[in-house]
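J.: Before we start, here is the structure in question, set down as C-alpha cells.
In my numbering, the protein residues as written are 23 to 490.
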C-alpha cells in the first residue's frame, strides 16, 4: 500500500482501526497439541491383564491330552472350481500331524466338488457314513431330534468347517445328526474308500491311521485329557485306584513379539522450535500412539498369537440367522465359565443393538472410566475397531475369560527393559547423523497367551449390513 492510500473495509467504508490480520503478527496464538485421528479407545490393551515375562518366553503347561486336533480348512477357488490346499488336509483328525506332501496332494485330488441348494439334505441321521465333507462356502445346520420328536438345531457350520470326519477312521461310523444346507453350499467330499486305496500304496499313511485307531482306547475326560482314576461312594475295604496327573511333554511357548520404528527429528527443529511445545516430546507422543494401535492390531490379528487365530475350533460359533442375535450371544457365553468381556467391531455392536431393538430389549450399561459401556447378561461389550470387517460385511465377536488365576487370557510383556518409558516400551537415542538428524529407536514388546482352550471364544461371520 502506498503512502497516503486509504484502507477500506469490505463494505467500501474507510477502516478506522487496526485489522485482525495485521494484529496477529504481534500476537502469540493459543494452539492445541498435534491431533491424530488414528487414536482409538484401545480397550483390549486397557482391560487385558498383563504378565511380566522374563527371558522373552512364556510357557503354558497343560495336562496331557489325547484329543486329536480340530482346525479350519483353507481352499483355493479358480472360477467355479474349488480345490483344497493339500497341507490343509492335516487339519482333519484322521490326518493330524501327517506330513507326507505327496500323499496329501493325491488325497486333495480325490476330493469331489458338489453343490447343495438351500434346504437340501446333505446327510441323514442314523445312516452309515463313509465320507467326510469339507465346507468351502455356505452355512450348514446340524439338526438332531428334540425330546418330543421335533427337530432341534444342534449347531451351525460355515466356511472352512468339516463334518463326518469319523468316517475316515471308523468303518462302523454313522451320522449322529442330520446335516442340512441353510444357504447355497459348495462342498468337497473325500471318501474312506479313496483313503484306503491310497493307504494300501503309502505305508506311512496306513501306519498313521493305525495309530489313530488306538487313541480312543486311552481313558480320557470329556476334554481329551488323560483321566485321573478315582474311587467315590465306596464302602468297606475295596482297592483304591492308583493314578497320576500326566503333563503335556511339548507345551506351547509364546515368544514376545516386537513392534519398532525409528523416529527422526532434525536438530534445527529440536533446538529452535520448542516453544510453547517441545517438538521432540510431541513427535515421540504421536509415534508411541501409533505403535500402541499396531500392538492392539497384532494382539487381535497376528497369525501366531492373535486372538482370532488362537481360538480353538470347538470354541468357534456361527450365528443361526447370520446376524448377531441375543441367542447367539447366550450360546457364546455358555461355552465358558466366568466370561469377563466381549470384544466387537463398533458396526457389529450396532448390528447386535438392532436385533435387541427388534425384540424390545434394552441392554444395561456400566460405567468404565467415565464411559458408558453396553453389556449383555452383565458382561461388558467393548468396541474394538481392530477386528476386521470383510468385503461381505461380516465380522466376529470375541468372548474372553481373563487372568492367570482363572485360567484365562493374559497379555505378555517384559518390564525393566533399557530406556523404558512405559512397561515393555522403550525409546533409545541412536545418535545424530551427518545430516544433523537425531534418531530414536521406539520399541514395544508384547504377546498374548490363552491358558486353556475354553478361555477364548469367537462368534464368527456375523452379518453387520442387514437392516430388516
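Ideal placement from N, C-alpha and C gives every residue a C-beta, glycine not left out.
Looking at the secondary structure, which residues open and close the beta strand (DSSP E) in which residue 489 lies?
T.: One-based indexing of the chain shown puts residue 489 at position 467. Element bounds for residue 489: n/a, residue is neither H nor E.
J.: By the DSSP assignment, the alpha helix (DSSP H) with residue 373 in it spans what residues?
T.: Here the question's residue 373 lines up with position 351 in the chain shown. Per DSSP, residue 373 belongs to the alpha helix (DSSP H) from 368 to 380.
J.: Where residue 497 and residue 253 are concerned, what is the direct C-alpha to C-alpha distance, given to the nearest angstrom?
T.: Because residue 497 is not part of the residues shown, which for the chain are 23 to 490, the question remains open.
J.: Within 10 angstroms of its Cβ, does residue 116 collect 16 or more other Cβ (buried), or is it exposed?
T.: Stepping through the chain shown from its first residue, residue 116 is reached at position 94. With 16 or more Cβ atoms within 10 Å of its Cβ, residue 116 is classed as buried.
J.: List the residues that DSSP assigns as beta-bridge partners of residue 459.
T.: Working through the chain shown from its first residue, we reach residue 459 at position 437. Looking at the DSSP assignment, residue 459 forms a beta bridge with 288.
J.: Counting only runs of 3+ residues fully inside the region 151 to 223, write out the beta strand (DSSP E) ranges in chain order.
T.: The qualifying runs are 153 to 159, 162 to 167, 173 to 179, 200 to 203 and 207 to 213.
J.: Answer with buried or exposed for residue 470, where buried requires no fewer than 16 other C-beta atoms within 10 angstroms of its C-beta.
T.: As a working mapping, residue 470 is identified with position 448 in the chain shown. Counting Cβ neighbours within 10 Å, residue 470 comes out buried, since at least 16 surround it.
J.: Thinking residue 376 and residue 411 are a contact (beta carbons under 8 Å), I'd like their distance in whole angstroms, please.
T.: Reading the chain shown from its first residue, position 354 is the one you call residue 376. Reading the chain shown from its first residue, position 389 is the one you call residue 411. Not confirmed; about 16 Å, so no contact.
J.: Give me the Cβ distance between residue 155 and residue 196, rounded to the nearest whole Å; I'm assuming they're in contact under 8 Å.
T.: The residue labelled residue 155 in the question sits at position 133 within the chain shown. The residue labelled residue 196 in the question sits at position 174 within the chain shown. Contact doesn't hold; Cβ gap of about 15 Å is too wide.
J.: Would you call residue 215 buried or exposed, if buried means 16 or more other Cβ atoms sit within 10 Å of its Cβ?
T.: Taking the first residue of the chain shown as position 1, residue 215 is located at position 193. Residue 215 comes out exposed.
J.: For residue 123, I'd like the list of residues in its chain whose CB is within less than 8 Å of its CB, leaving aside the five on either flank, ordered along the chain.
T.: Translated into positions along the chain shown, residue 123 becomes position 101. Closer than 8 Å at Cβ, skipping near neighbours: 108 and 109.
J.: At the level of alpha carbons, what is the spacing between residue 295 and residue 57?
T.: Position 273 of the chain shown, counted from the first residue, corresponds to residue 295. Position 35 of the chain shown, counted from the first residue, corresponds to residue 57. Rounded to whole angstroms, residue 295 to residue 57 spans 18 Å at the Cα level.
J.: I need the straight-line Cα distance from residue 467 to residue 298, nearest angstrom please.
T.: Here the question's residue 467 lines up with position 445 in the chain shown. Here the question's residue 298 lines up with position 276 in the chain shown. One C-alpha to the other measures close to 33 Å.
J.: What does the alpha-carbon distance come out to for the pair residue 54 and residue 304?
T.: Translated into positions along the chain shown, residue 54 becomes position 32. Translated into positions along the chain shown, residue 304 becomes position 282. Looking at the two C-alpha atoms, the distance is approximately 11 Å.
J.: Could I get the ranges of all uninterrupted beta strand (DSSP E) runs contained in the region 45 to 80, with 3 residues as the minimum, in chain order?
T.: If we require 3 residues or more, the beta strand (DSSP E) runs fully inside the region 45 to 80 come out as 72 to 74.
J.: Consult DSSP for residue 282 and reduce its assignment to one of helix, strand or coil.
T.: One-based indexing of the chain shown puts residue 282 at position 260. Residue 282 falls in the strand class under three-state DSSP.
J.: On a CA-only basis, which of 83, 144, 36 and 320 is nearest residue 272? Give me that one, please.
T.: Sequence index remark: in the chain shown, residue 272 carries index 250 (1-based). Selected option, being the one with the closest Cα: 83.
J.: Looking at the structure shown, is residue 479 part of a helix, part of a strand, or coil, going by DSSP?
T.: If you number the chain shown from 1, residue 479 lands on position 457. Reduced to three states, the DSSP call for residue 479 is strand.
J.: Quick check on DSSP: helix, strand or coil for residue 465?
T.: The residue you call residue 465 lines up with position 443 of the chain shown. Strand, per DSSP.
J.: Ignore the nearest five residues each way along the sequence and tell me which others in residue 76's own chain have a CB closer than 8 Å to its CB.
T.: Translated into the one-based positions of the chain shown, residue 76 becomes position 54. Excluding sequence neighbours, residue 76 sits near 436.
J.: Quick one: what does DSSP say residue 109 is sitting in, helix, strand or coil?
T.: Walking along the chain shown from the start, residue 109 turns up at place 87. In the structure shown, residue 109 sits in a helix (DSSP, three-state: H, G or I).
J.: Go through its chain and collect everything with a Cβ distance to residue 288's Cβ below 7 Å, but skip five positions before and after it.
T.: As a working mapping, residue 288 is identified with position 266 in the chain shown. For residue 288, where only same-chain residues beyond five positions count, the Cβ hits under 7 Å are 458 and 459.
J.: With distance defined between alpha-carbon atoms, name the residue in 321, 79 and 111 nearest to residue 64.
T.: Here the question's residue 64 lines up with position 42 in the chain shown. It is 321 whose Cα lies nearest to the Cα of residue 64.
J.: Compute the beta-carbon to beta-carbon distance between residue 270 and residue 132, rounded to the nearest angstrom, for a pair I have assumed lies under 8 Å.
T.: Translated into the one-based positions of the chain shown, residue 270 becomes position 248. Translated into the one-based positions of the chain shown, residue 132 becomes position 110. Their Cβ separation, rounded to whole angstroms, is 34 Å, which puts residue 270 and residue 132 out of contact at 8 Å.
J.: With a threshold of 16 other CB atoms inside 10 Å of the CB of residue 148, please say whether the residue is buried or exposed.
T.: Sequence index remark: in the chain shown, residue 148 carries index 126 (1-based). It is exposed - the Cβ of residue 148 has fewer than 16 other Cβ atoms within 10 Å.
J.: What did DSSP end up calling residue 439 once you bin it into helix, strand or coil?
T.: Within the chain shown, numbered from 1, the residue matching residue 439 stands at position 417. Correct three-state label for residue 439: coil.
J.: Using the rule of at least 16 other Cβ atoms within 10 Å of the residue's Cβ for burial, across every protein chain shown, is residue 451 buried or exposed?
T.: Numbered from its first residue, the chain shown carries residue 451 at position 429. Answer is exposed; the Cβ neighbour count stays below 16.
J.: At 4 residues or longer, what runs of the alpha helix (DSSP H) sit wholly inside the region 278 to 363?
T.: With a minimum length of 4 residues, the continuous alpha helix (DSSP H) runs that stay inside the region 278 to 363 are 289 to 294, 301 to 323 and 348 to 356.
J.: Whole angstroms is fine: what's the gap from residue 280's alpha carbon to residue 311's?
T.: Mapped onto the chain shown, residue 280 falls at position 258. Mapped onto the chain shown, residue 311 falls at position 289. Those two C-alpha atoms are separated by around 15 Å.
J.: So, is residue 483 buried or exposed, given that buried needs 16 or more other C-beta atoms within 10 angstroms?
T.: Looking up residue 483 in the chain shown gives position 461. By the neighbour-count rule (16 or more Cβ atoms within 10 Å), residue 483 is buried.
J.: Go to residue 426, then tell me how far its beta strand (DSSP E) extends in each direction, as first and last residue.
T.: Counting from 1 along the chain shown, the entry for residue 426 is found at position 404. It is not in any beta strand (DSSP E) - residue 426 carries neither H nor E in the DSSP assignment.
J.: Residue 151 and residue 186 - do their beta-carbons sit closer together than 7 Å?
T.: Counting from one through the chain shown, the residue named residue 186 turns up at place 164. Counting from one through the chain shown, the residue named residue 151 turns up at place 129. Contact: yes.
J.: For residue 390, tell me which candidate among 380, 378 and 403 has the shortest Cα-Cα distance.
T.: Along the chain shown, read from residue 1 onward, the residue named residue 390 stands at position 368. Out of 380, 378 and 403, 403 has the C-alpha closest to the C-alpha of residue 390.
J.: So, at 8 Å on beta carbons, what are the nonlocal neighbours of residue 399 in its own chain, with the 5 sequence-adjacent residues on each side left out?
T.: Position 377 of the chain shown holds residue 399. Counting only Cβ-Cβ distances below 8 Å, and skipping sequence neighbours, we find 351, 352 and 355.
J.: Checking the sheet assignment: what are the DSSP bridge partners for residue 135?
T.: Taking the chain shown and counting its residues from 1, one reaches residue 135 at position 113. In the DSSP output, where bridge partners are listed per residue, residue 135 has 210.
J.: For the beta strand (DSSP E) that contains residue 143, what are its first and last residues?
T.: Along the chain shown, read from residue 1 onward, the residue named residue 143 stands at position 121. 143 to 145 is the span of the beta strand (DSSP E), which, as asked, contains residue 143.
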